[in-house]
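Reading through the structure tokens given below for one structure.
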Amino acid sequence: MRKQVEELLKRLPNGEKDIALFVDHLFTALESQEERHRAVTAANAVAGVKPDLTEQSTHQEDVMEFKRLIIRELEKTVLDFEHLGDKHWKKLYKDGVHIKE
594 MRKQVEELLK RLPNGEKDIA LFVDHLFTAL ESQEERHRAV TAANAVAGVK PDLTEQSTHQ
654 EDVMEFKRLI IRELEKTVLD FEHLGDKHWK KLYKDGVHIK E
């Protein structure tokens with residue numbers, strides 16, 4: 594998924610790279626949260642608390658779905674940037690996107 598962010602970053606106009614950087618920061622935060630979750634689960638296991646496998650699976654699925662959602666929205670934003678000035682393009686977001694001056 595990081596590779597997708599990097600590819601989308603290349604497609605953004607120069608002044609709009611902050612958007613992809615923000616997404617990269619979100620991914621870093623999610624990965625940090627996942628690491629904390631694994632550490633807590635491991636500490637609980639050492640203390641004799643068995644992890645709920647269904648809960649673990651659900652947590653992983655939720656994190657992956659959130660990452661996919663972020664990528665989808667970044668892709669739509671990039672498409673709107675790529676079609677700025679195209680009168681035939683139907684904006685994916687009502688408020689559209691604007692090039693920084």
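According to my numbering, the stretch in the sequence shown is residues 594 to 694, in order. Glycine residues also receive a C-beta, built at the ideal position from the N, C-alpha and C atoms.
query, result
"Going by other Cβ atoms of all chains shown within 10 Å of its Cβ, with 16 needed for buried, is leucine 667 buried or exposed?", "buried"
"Can lysine 660 and leucine 623 be called in contact, C-beta distance under 9 Å?", "yes"
"By a C-beta neighbour count over all protein chains shown, 10 Å radius and 16 as the cutoff for buried, is aspartate 673 buried or exposed?", "buried"
"Taking only the alpha-carbon atoms, compute the straight-line gap between leucine 616 and serine 650 and give it to the nearest angstrom.", "This sequence places valine at residue 616; leucine is not what is there. Between valine 616 and serine 650, the C-alpha separation is close to 24 Å."
"Return the chain-ordered ranges of every alpha helix (DSSP H) run that is complete within the stretch 609 to 660 and spans a minimum of 4 residues.", "610 to 639"
"Rounding to the nearest angstrom, what Cα-Cα distance links glycine 678 and arginine 629 in this structure?", "45 Å"
"Would you grab the beta carbon distance between threonine 670 and valine 690 for me? Rounded to a whole angstrom, and I think it's under 8 Å.", "6 Å"
"What's the C-alpha gap between histidine 681 and glutamine 653?", "40 Å"
"Which residues in the same chain have their Cβ closer than 6 Å to the Cβ of threonine 634, if we skip the five residues on either side of it in sequence?", "Pro644"
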